[in-house]
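> These protein sequences, in sequence, are chains F and B.
Per this note's numbering, the first sequence starts with residue 54, numbered consecutively.
Per this note's numbering, the second sequence starts with residue 5, numbered consecutively.
Think of the CB as a built atom: it goes at the ideal place given N, C-alpha and C, for glycine as much as any other residue.
In this text, all values refer to a predicted model and were calculated from it rather than measured experimentally.
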Amino acid sequence: MVSQSTTPDVPVAGVAERGRPGAGERVREAAARSWRPVALLLACLVAWWAITAAKLIKAYLVPSPAKTLQVMADKAGYLWHHTWITTYETLLGFVIATIVGVLAAVLMVYSPAVERTLYPVLLFAQVIPKVAIAPLLVVWLGFGLAPKVVVAVLIAFFPVVISMVTGLKAVDPEMIQLSATMGAGPLQTFAKIRFPASLPHLFSGLKVAVTLAVTGAVVGEFVGANEGLGYVIQQANGNLDTPMLFAGLLVMSLIGVVLFVLVEFAEKLLLPWHASRRGTAVTTTY
Amino acid sequence: MPESTRERGRVEASRGGSVRLEDVAVRFRTKKKDVTALRDVSLDVAEGEFVAIVGPSGCGKSTLLKLVAGLLKPSSGAVRLRGEPVTGPRHDIGYVFQRAALLEWRSARRNILLQAEMRRMPADRARARTAELIAMTGLTGFEDAYPHELSGGMQQRVALCRALLHEPPVLLMDEPFGALDALTREQLNVELNRIWRETRTTVLLVTHSIAEAAYLADRIVVMTDRPGTVAEVIDVGLPDERDYAVTMARPEFARATARIRDLLGAASAAD
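Next comes the structure, spelled out in structure tokens:
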């Protein structure tokens, strides 16, 4: 017989000990994990400052960090407006890509005929450079929101489909057989086994997709827009306004980073069982 | 081997018992050649009987269980479960695999309850039955643990509870303890013997362990190498209630294990 413990606080053989770190320990851990990238970023900033301070490169080619920050502060309202536009296009594109991508993946996994039909088309759509079709989209859809969102969808769609197909196919076949012996229908098997099991894969695809969606939106803006960070950069470029160009670039990368972190946060929230197993490595799934 | 004579109360069930295979053959077609996994397999398992199936790797033992569950169709021959021909996946069985196959995002209790949800069992009955099984398998205190927090033995206990939740008349086990360490395995063998006596379910157990087969089973089906067929059916002849150490020392146990070793040794030497 196995010794049975009814009091939960008595450690029992069989359950792996789970560390529950205190607040202080968590802060120390976070610091230990993040000091390296922070140090590297600071080093880059110092190098940037040193190069400009020593006037190794002419100021109109590379502005100093101070100048760039000054522009960001002076034109905060202007930048904020265009940042919001780009973020909106990015999010809209990302959400549409996710919905369409997940649906396409489910169809492809459940119907080999659909998979054989869709896959080559998908691959073809993926290998066309989005920058090359963006002008066409502007011609078709005008200067508004639509072409930017479409480019963002086109560019973000592929990783979503691929990761979701992989996830749905990676389900333990014994789990599916077990489900059949339980008398479960295809819908029940999908809802209770297949879909939740594929979520870790989906999220690794979503993290790639969200960063690509920013690129898509900006590419759309480059081709034809009167709003958004792509437009800001084009304008600054035309005026040789490098401080504004740098400011635009910084904000643009910030959007990508923030959205990535948000997706990762959602993953932790929705899949605690997955996150806790994955451990502390930064990139393990993609 | 002739039909076993049951010494104790378990009667040969009416019309061929709980599980019946008649001249079953299974052939797989691969790209290069046809593979015969099973041929000429006939087997009759009485209700409440514990039958172990041993044989060399790849002799089609798992295939045999899948046939009974209706997850696989025989190329020829007939499979009957509780008197009815098996035509598709059967729901009146419990299935345990070598890997626990638990859902990582569900606690032990909710993994067990998956069986109830899929079958749309009444919630209160499912709850009560789960509690009963948790106590029976020594999972008390682990109900809310997630699979990754459980040891292999505990995970397999959860899988066993899940397979028993709907009180299936037939339990199919495919090397359920194969991935466990020897001590845990012994412990689970003892528990499985007790659970079998308490539930009176028919058990078909595929195993690689000769000792496990002899300790647990009423009868042992020894299979030959591919194409798998029944070499011999051994009557163990031990009482239902089996103390582990005492059973190991009994002459019936020694006789059964020696006979299996003979048969398996011959099977591999002939090839």
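Would you mind telling me which residues of chain B sit closer than 9 Å to Trp88 of chain F, beta carbon to beta carbon, in chain order?
Within the first sequence, residue 88 of chain F is the residue found at index 35, counting from 1. Within chain B, no residue comes near Trp88 of chain F; the closest Cβ sits about 30 Å away, beyond 9 Å.
> Going by beta-carbon coordinates alone, are Ile97 of chain B and Val225 of chain B separated by less than 7 Å?
Locating residue 97 of chain B in the second sequence gives position 93, where the first residue counts as 1. Locating residue 225 of chain B in the second sequence gives position 221, where the first residue counts as 1. No.
> From B:Thr91, B:Leu42, B:Asp229, B:Glu216, pick the residue whose C-alpha is nearest to that of Gly269 of chain B; which is it?
For the purposes of this step, residue 269 of chain B is taken as residue 265 along the second sequence, with counting starting at 1. Selected option, being the one with the closest Cα: B:Asp229.
> Does Gly258 of chain F come out as helix, strand or coil in the three-state DSSP assignment?
Translated into the one-based positions of the first sequence, residue 258 of chain F becomes position 205. Gly258 of chain F: helix per DSSP, three-state reduction.
> Can you round the beta-carbon distance between Leu69 of chain B and Val210 of chain B to whole angstroms, since I take them to be within the 8 Å contact cut?
Indexing the second sequence from 1 puts residue 69 of chain B at position 65. Indexing the second sequence from 1 puts residue 210 of chain B at position 206. Confirmed, about 6 Å.
> Please report the straight-line C-alpha distance between Ser58 of chain F and Glu147 of chain B, rounded to a whole angstrom.
On the first sequence, residue 58 of chain F is found 5 positions in, with the first residue counted as 1. On the second sequence, residue 147 of chain B is found 143 positions in, with the first residue counted as 1. At Ser58 of chain F, the pLDDT of 42 sits below 50, so the modelled position is not reliable and the matter cannot be decided from this model.
> May I ask you to report which of helix, strand or coil DSSP gives Ala112 of chain F?
Residue 112 of chain F sits at position 59 when you count from the first residue of the first sequence. The answer is coil: DSSP assigns Ala112 of chain F none of H, G, I, E or B.
> Looking at chain B, which residues of the region 216-239 of chain F have a Cβ within less than 8 Å of any of its Cβ atoms?
Of all residues in the region 216-239 of chain F, Asp225, Glu227, Met228, Gln230, Leu231, Ser232, Ala233, Thr234, Met235, Gly236, Ala237 have a Cβ within less than 8 Å of some Cβ in chain B.
> Sorted by chain position, which residues of the same chain lie with C-beta nearer than 7 Å to Gly182 of chain B's C-beta, five sequence neighbours on each side aside?
Within the second sequence, the letter at position 178 stands for residue 182 of chain B. So the qualifying residues of the chain are Gln102, His212.
> Is the region 134-147 of chain F in contact with the region 164-182 of chain F, if contact means three or more CB pairs nearer than 8 Å?
Contact fails: fewer than three Cβ-Cβ distances are below 8 Å.
> Considering only residues of the same chain and omitting the five flanking positions on each side of Ala178 of chain F, which have a CB-CB separation below 6 Å?
The residue given as residue 178 of chain F occupies position 125 in the first sequence. Excluding positions up to five away in sequence, the list is empty.
> Is the CB of Trp326 of chain F under 7 Å away from at least one CB in chain B?
In the first sequence, the residue the question calls residue 326 of chain F occupies position 273. Output row for Trp326 of chain F: interface = yes.
> Quick one: what's got a C-beta closer than 8 Å to Met158 of chain B's C-beta in the same chain, skipping five residues either side?
Position 154 of the second sequence, counting from 1, holds the residue named residue 158 of chain B. Cβ neighbours of Met158 of chain B beyond the five flanking positions: Ala112, Leu143, Phe146, Ala149.
> Within the continuous alpha helix (DSSP H) that includes Met252 of chain B, where are the two ends?
In the second sequence, residue 252 of chain B corresponds to position 248, counting from 1. From DSSP, the alpha helix (DSSP H) with Met252 of chain B extends over 248-252.
> Give the range of the alpha helix (DSSP H) segment to which Ile246 of chain F is assigned.
As a first step, residue 246 of chain F must be located in the first sequence, where it is residue number 193. First-last for Ile246 of chain F: undefined, no H or E at that position.
> Short of 7 Å in beta carbon distance, which residues of its chain neighbour Val191 of chain F, apart from the five on each side in sequence? Order them along the chain.
Within the first sequence, numbered from 1, the residue matching residue 191 of chain F stands at position 138. Pro200, Val276, Gly277.
> Since Leu324 of chain F and Leu252 of chain F are thought to touch, with beta carbons under 8 Å apart, how far apart are those beta carbons, to the nearest angstrom?
By 1-based counting over the first sequence, the position of residue 324 of chain F is 271. By 1-based counting over the first sequence, the position of residue 252 of chain F is 199. Right, their Cβ atoms sit about 6 Å apart.
> Taking Cβ-Cβ distances shorter than 8 Å, what residues in chain B pair up with Pro249 of chain F?
On the first sequence, residue 249 of chain F is found 196 positions in, with the first residue counted as 1. Correct list: Leu107, Trp109.
> My parser needs the beta strand (DSSP E) runs of 3 or more residues fully inside the region 45-102 of chain B; what are they?
Taking only runs of at least 3 residues, the beta strand (DSSP E) segments lying wholly in the region 45-102 of chain B are 54-58, 80-85, 97-100.
> Pull up the distance between the alpha-carbon of Phe257 of chain B and that of Ile264 of chain B, whole angstroms please.
What you label residue 257 of chain B is simply residue 253 of the second sequence in a count that begins at 1. What you label residue 264 of chain B is simply residue 260 of the second sequence in a count that begins at 1. Rounded to the nearest angstrom, the two C-alpha atoms are 11 Å apart.
> Which chain F residues sit within Cβ distance under 7 Å of Pro93 of chain B?
As a first step, residue 93 of chain B must be located in the second sequence, where it is residue number 89. Simply Ala233, Thr234.
> Starting from Phe32 of chain B and walking both ways along the beta strand (DSSP E), at which residues does that stretch end?
Residue mapping note: residue 32 of chain B aligns to position 28 of the second sequence, counting from 1. Unbroken beta strand (DSSP E) run through Phe32 of chain B: 23-33.
> By the 9 Å beta-carbon criterion, what residues does the region 297-322 of chain F contribute toward chain B?
Within the region 297-322 of chain F, no residue has a Cβ that lies closer than 9 Å to any Cβ of chain B.
> Quick one: give me the first and last residue of the alpha helix (DSSP H) that Ala235 of chain B is part of.
Stepping through the second sequence from its first residue, residue 235 of chain B is reached at position 231. Ala235 of chain B -> not in any alpha helix (DSSP H); beta strand (DSSP E) instead, spanning 234-239.
> Put Asp38 of chain B into one of helix, strand or coil per three-state DSSP.
As a first step, residue 38 of chain B must be located in the second sequence, where it is residue number 34. Note: Asp38 of chain B maps to strand in three-state DSSP.
> What in chain F is Cβ-close to Ile97 of chain B, meaning under 7 Å?
Your numbering for residue 97 of chain B matches position 93 in the second sequence. Correct list: Thr234.
> Where Trp102 of chain F and Ala96 of chain F are concerned, what is the direct C-alpha to C-alpha distance, given to the nearest angstrom?
Counting from 1 along the first sequence, the entry for residue 102 of chain F is found at position 49. Counting from 1 along the first sequence, the entry for residue 96 of chain F is found at position 43. The alpha-carbon atoms of Trp102 of chain F and Ala96 of chain F are separated by roughly 10 Å.
> Just by C-beta distance, which residues in the region 113-129 of chain B are closer than 8 Å to chain A?
Among the chains of the structure shown, chain A does not appear; the protein chains present are F and B.
> Would you identify the three-state DSSP class for Met177 of chain B, choosing helix, strand or coil?
Locating residue 177 of chain B in the second sequence gives position 173, where the first residue counts as 1. Met177 of chain B: strand per DSSP, three-state reduction.
> Cβ closer than 9 Å: which chain F residues qualify as neighbours of Leu75 of chain B?
One-based indexing of the second sequence puts residue 75 of chain B at position 71. Those within 9 Å of Leu75 of chain B in chain F are Gln230, Ala233, Thr234.
> For the candidate residues F:Met297, F:Ile246, F:Thr268, F:Tyr284, whose alpha-carbon lies nearest to that of Arg114 of chain B?
Here residue 114 of chain B refers to the residue found at position 110 when the second sequence is read from its first residue. Per the Cα distances, F:Ile246.
> Please state if the CB of Val202 of chain F and the CB of Gly146 of chain F are separated by a distance shorter than 7 Å.
Walking along the first sequence from the start, residue 146 of chain F turns up at place 93. Walking along the first sequence from the start, residue 202 of chain F turns up at place 149. Against a cut-off of 7 Å, the Cβ pair of Val202 of chain F and Gly146 of chain F comes out as a contact.
> Tyr150 of chain B versus chain F: which residues are under 7 Å apart at the beta carbon?
Numbered from 1 along the second sequence, position 146 holds the residue referred to as residue 150 of chain B. Those are Trp326, listed as they occur along chain F.
> Give the DSSP-derived three-state secondary structure of Asp266 of chain B in the structure shown.
Residue mapping note: residue 266 of chain B aligns to position 262 of the second sequence, counting from 1. Note: Asp266 of chain B maps to helix in three-state DSSP.
> Could one say the Cβ of Phe181 of chain B lies closer than 7 Å to chain F's Cβ atoms, at least one of them?
Position 177 of the second sequence holds residue 181 of chain B. With 7 Å as the cut-off, Phe181 of chain B does not count as an interface residue toward chain F.
> Measure the Cβ-Cβ separation of Arg123 of chain B and Gly236 of chain F and say whether it is below 7 Å.
To locate residue 123 of chain B, count along the second sequence from 1; it is residue 119. To locate residue 236 of chain F, count along the first sequence from 1; it is residue 183. Cβ atoms of Arg123 of chain B and Gly236 of chain F: closer than 7 Å.
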